[in-house]
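What follows is a single structure, written as structure tokens, with notes after it.
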């Protein structure tokens, strides 16, 4: 991808950084940001306007997840295109919300994938989307109709990540990806795919792009309401880019014990409580978790984060009630922790899913 025009415009706009390249200025990861802005500029967008609206002037040395999300939203709003200029035909603001509402009326993950594929095929002319069931796996596949669209890898990455994250969110559980494949060469930012497609076997230069999940996941019921699904869509792409931690082994057992306590609205278990429940000494628990590269505070942190997101989108409990349920002695401590996870307050996060897209 030729990003030199973007470099020139950035250098012209920020004279004090004339010796910096575009990649050096943006490191989250730089290729994703470059691809996003490439699609924006290719559709006639003014880079300076996007940076201003995203509150990224002067341009920071690197972009956090939250700054990248702001930039995505600025590009979307300015183009009135929820795919940010990546696809052949723009998807006007509100398209994701309509899709989310439509898919939310499916009863299972299987039917959800069918509805989502059908929706894409009606409204988007960039891909032919299909969903196939096999003996042990199911495949979600996107096939380009025109080789020049989407204009960068980001267009493919977005449809795959958003599709998987949304269906998993509707089901209320993580759906493992066994394999992910792409119809382009391995990009320089391929290491970020470990976060987008955790534990998946990756393949490049394939005939099409897609991912596979275990067939057993297809029978999972969808648990979210239409209102909750529309809220998820209105926060896009924030939810999809939040960090994903997949617990395994002993770490998973510890996480489930903590999750169970929150579900039952009980006090969160201490280290000793966890060790007793697992029939081992507390020092043994620490040692075995260390072998997995984990510890109890980190696992508790992840469980709290995931439950906070869930409780804020599923119900109407006050922020104070949610803070207590998650084991925080003070609401202010919960608010600080939540801002560390999402860069917004719990109240703002909840409201962002309830306001219209143009107000978000």
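Residue numbers (my numbering): 195 to 554. Heads up, the beta-carbon is just placed ideally off N, CA and C, and yes, glycines get one too.
Residue 294 versus 380, 390, 494 and 426, residue with shortest Cα-Cα distance: 426
Residues near residue 409 by beta carbon distance below 6 Å, same chain, minus five either side: Cβ-Cβ distances below 6 Å link residue 409 to 330, 331 and 332 in the same chain, with the five nearest sequence neighbours on each side left out; the list follows chain order.
Cα-Cα separation between residue 378 and residue 347, rounded to whole angstroms: Answer to the nearest angstrom: the Cα atoms are 8 Å apart.
Buried versus exposed call for residue 527 [16 or more other C-beta atoms within 10 Å across all chains shown]: exposed
DSSP-derived helix/strand/coil call for residue 458: Three-state result, residue 458: coil.
Identity of the residue in 522, 424 and 444 nearest residue 544 by Cα: 424
Residue 458 versus 363, 252, 519 and 538, residue with shortest Cα-Cα distance: Of the candidates 363, 252, 519 and 538, the one whose C-alpha sits nearest the C-alpha of residue 458 is 519.
DSSP three-state assignment for residue 406, whether helix, strand or coil: strand
Reference residue 344, options 394, 539, 320 and 380, closest by Cα: 320
Cβ neighbour criterion (16 or more within 10 Å) applied to residue 358: By the C-beta density criterion, residue 358 is buried, having at least 16 other C-beta atoms within 10 angstroms.
Classification of residue 232 by the beta-carbon crowding that lies within 10 angstroms, buried from 16 upward: So residue 232 ends up on the buried side.
From 429, 340, 432 and 369, residue whose alpha carbon lies closest to that of residue 402: For residue 402, the nearest C-alpha among the options comes from 340.
Assumed close pair residue 525, residue 514 - CB separation to whole angstroms, cut-off 8 Å: 5 Å
Residues of its chain near residue 221, where Cβ-Cβ distance is below 8 Å and the 5 sequence neighbours each way are ignored: Residue confidence for residue 221 is low, a pLDDT of 45 falling below 50, so the modelled location carries little weight and cannot support an answer.
Pick from 393, 490, 374 and 303 that is closest to residue 399, judged by C-alpha positions: 374
Inter-stretch contact at 8 Å, needing at least 3 Cβ pairs: the region 274 to 286 / the region 444 to 464: no
Range covered by the alpha helix (DSSP H) that runs through residue 518: Annotation: the continuous alpha helix (DSSP H) that includes residue 518 extends over 513 to 519.
Anticipated Cβ contact below 8 Å, residue 432 with residue 483, distance rounded: Not really, about 30 Å apart at Cβ, beyond 8 Å.
Beta bridge counterpart(s) of residue 412 as assigned by DSSP: Bridge partners of residue 412: none, in fact.
CA-to-CA distance, residue 534 to residue 230, given in whole angstroms: 25 Å
As assigned by DSSP and simplified to three states, the class of residue 522: coil
Segment contact flag, the region 356 to 372 with the region 296 to 305, C-beta cutoff 8 Å, min 3 pairs: yes
Rounded straight-line distance, which links the Cα of residue 282 to that of residue 243: Cα to Cα, residue 243 sits roughly 23 Å from residue 282.
Backbone secondary structure at residue 326 - three-state DSSP: strand
Residue 337 (DSSP reduced to helix, strand or coil): Strand.
Integer Cβ distance of residue 490 from residue 453, believed to fall under 8 Å: No, residue 490 and residue 453 are not in contact; Cβ-Cβ is about 14 Å, not under 8 Å.
Other residues of its chain near residue 313: CB distance less than 6 Å, five sequence neighbours each side excluded: 293 and 296
First and last residue of the uninterrupted alpha helix (DSSP H) at residue 374: Unbroken run through residue 374 is the beta strand (DSSP E), 373 to 375; no alpha helix (DSSP H).
Inside the region 275 to 334 only - alpha helix (DSSP H) runs reaching at least 4 residues: 289 to 298 and 303 to 317
Outcome for residue 361 when other beta-carbon atoms lying within 10 angstroms are tallied against a minimum of 16: That one is buried.
Sequence-distant residues of its chain with Cβ nearer than 7 Å to residue 318 (five each side left out): 281, 283 and 285
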